[in-house]
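Residue numbering for the sequence shown is 966 to 1472, as defined by our numbering. Glycine is no exception: its CB is placed at the ideal position from the N, C-alpha and C atoms. Working notes, beginning with the structure itself.
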Amino acid sequence: MKFPSTTTAPWVGSLVQHSRHPHNLTVLVRLACGISCLINALYALISQFAIAPTESQDLSPTTMGSGGSRAEEKDSPGFRQYIPDLNSPRFQAAKNQDCYEYAENFQKSHNPPWLYDLTQVWQKLLREPYKGLTTDGNVIPNLFKPQDDGVPIESIVAAVDKVFDQISPEQREKVSFSLNAKEWRAWSNPEILLRPLGLRLEDLDARVAASILDVLKATFSTEGYEKALAAMRINQYLGQICELPKIMNELSYNFLIFGTPSKDKPWGWSLYGHHLCLNVFLHGPQIVISPTFTGAEPNMIDDGPYVGTEILHDEGNLGLNLMQSLPGPSQEKAQIFKLLRDPAMLQSGDLAKDRWNRDDQRHMCGAFRDNRIVPLEGICVASFTPEQKKLVLDIAYHFVLYLPDMARKLRLKQVADHLDQTYFCWIGRWGDDDAFYYRIQSSVIIMEFDHHSGVFLSNTEPEKFHVHTILRTPNAGDYGAGLRSAEDMVQHLDNGEQFDRHDPSNP
């Protein structure tokens, strides 16, 4: 049982999101049932732990907080029953490896082979000139214009300058890339460090790593920064569960700077690692944060110093609410595949084109898929009721949460302006406990949500505690490409060209 929140202030929503004990509350409520005074006291005592706002709460994108979901939280099935056998050869071999040894072993052993084969396809995709995601291979022009997003550019530049002041000339050279560098597109989300570019936070002095996190803090909204930290902390938690702290920890991320940080000229930065990849383009007061990848396995922490941390519940619940709110014929139209690994999905072995693979699973727009053709599928949002359209915007709110406040409002207006040309599609069933995939897509945004099978946990079928989400800006909007000059356009690998491997003598 869940209790209504007594306030809808954004900071309370964030606190609630990280503070929940549903099993304890259920027991207390049962004990208190029928005793009105005790129930009232209990409500007051635990209101800070409430999850579900009331149906009358204002959920407009400009007012709703990070925890402001209308959906009642549906608990993820317990992930602890899927803790892997840590005595297995896989975990014993990796136990004493650091991230570089782990990656080198992967490159030499080609194990797991399905992932190694996929990385070879990714390398080929990096050789394609950047074009952008489209529905039919043709980019819709002039969708993105210069504008004032109200970005605190002075604070962001100052945060980067602080990093520069704390690192050596060699480290500064290592972290710095040209604005049009091909390394923009080299991000990836597996725990294997495929391309050790820039500076690895865990290799740095704690003071420098903290200063890099301050760059994130200066760039993002408060809620967006908290979301990024939650993903990083859950990554550390997974490393603790699997006894692989040198491979997955809170600082298992690489940081890169593109161009020269400036208050009025274009530049940007990226951070990537396991379950968190963020690409930021800045030009004066304007910002683009796209593509982004945010995931978690599991999607909550149930013990330790960060107990109560959870992530991506709102995106899942709001999507499920939307699908459940549709009438039967609309649900049938939205559902493009009945099964999460449906025989009707293209699974030819051509990993560049297949609809399903073991890493991306149902995702269409993951790492290295910068130029993919992603057709509009499902049902057009134009047929939705006002309440259902509002749910679409509520979902978008959480997907663009990293943006600072004014930029987020403008981005949501852009999404709303294209709402009647937006499509919603679904894979799987839509019962309260079902795992699922959904995608919301228009000419200006693509949002993907997917429940995955286990990578480190042992569940062979998708479960609700392993979540991947991807945000893309189609039609040459990723990496701020729609705002770049021709000479600043993101480059690609030449045939035969490789990114540099890690040099252990130069951390």
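Among all the DSSP beta bridges, which residues are the ones paired with residue i?
i	result
D1415	Y1402, H1433
N1322	Q1326
Q1300	W1391
M1310	According to DSSP, M1310 bridges with nothing at all.
E1275	M1265
Y1218	G1238
F1223	F1142, G1233
T1187	DSSP, once it has assigned bridges, lists no residue as partnering T1187.
G1260	H1433
I1338	T1099
Tell me the DSSP secondary structure of residue i in three-state form.
i	result
Q1353	helix
V1346	helix
V1253	strand
V1420	coil
V1245	strand
S1235	strand
F1364	helix
T1425	coil
H1457	coil
N1286	helix
M1213	coil
C1207	coil
N1076	coil
D1315	coil
D1113	coil
V992	Residue placement at V992 cannot be trusted, given a pLDDT of 37 that sits under 50; the coordinates are not used to answer.
V1409	coil
Q1085	helix
G1043	coil
I1048	coil
I1199	helix
A1332	coil
A1059	helix
V1380	helix
K1228	coil
E1452	helix
D1397	coil
E1066	helix
G1442	coil
Check this for me: beta carbons of residue i and residue j, under 8 angstroms apart or not?
i	j	result
A1261	A1196	yes
Q1289	W1391	no
H1363	D1268	no
R1373	V1365	yes
L1448	Q1251	yes
R1159	A1068	Checking the displayed sequence, the identity of residue 1159 turns out to be Leu instead of Arg. Result yes, Cβ atoms of L1159 and A1068 sit closer than 8 angstroms.
I1405	F1258	no
P1226	D1126	yes
L1375	L1358	no
M1412	A1361	yes
I1121	I1199	no
F1333	W1087	yes
Y1403	G1284	yes
L1166	L1216	yes
Y1228	G1204	Note on residue identity: the sequence assigns Lys, not Tyr, to residue 1228. No.
G1281	K1110	no
F1185	P1369	yes
G1189	G1445	no
S1295	I1105	no
V1432	L1194	no
L1458	D1082	no
Does residue i come within less than 8 angstroms of chain D when only Cβ atoms are used?
i	result
D1170	The chain labelled as chain D is not found in the depicted structure, where only one protein chain is given.
Alpha helix (DSSP H) runs contained entirely in the segment 1122-1179, provided each spans 4 or more residues: 1134-1140
Touch test, the segment 1382-1389 against the segment 1159-1178, Cβ-Cβ under 8 angstroms, three pairs minimum: no
Segment contact, 8 angstroms Cβ cut-off, at least three pairs: the segment 1435-1452 with the segment 1097-1110: yes
Meets three-Cβ-pair contact criterion under 8 angstroms: the segment 1346-1356 and the segment 1412-1424: no
Three CB pairs or more closer than 8 angstroms across the segment 1145-1164 and the segment 1209-1228: yes
Contact the segment 1130-1148 vs the segment 1107-1117: 3+ CB pairs below 8 angstroms: no
Cβ contact (3+ pairs, closer than 8 angstroms) linking the segment 1207-1216 and the segment 1154-1173: yes
Inter-stretch contact (C-beta, 8 angstroms, three-pair minimum) for the segment 1302-1316 and the segment 1236-1251: no
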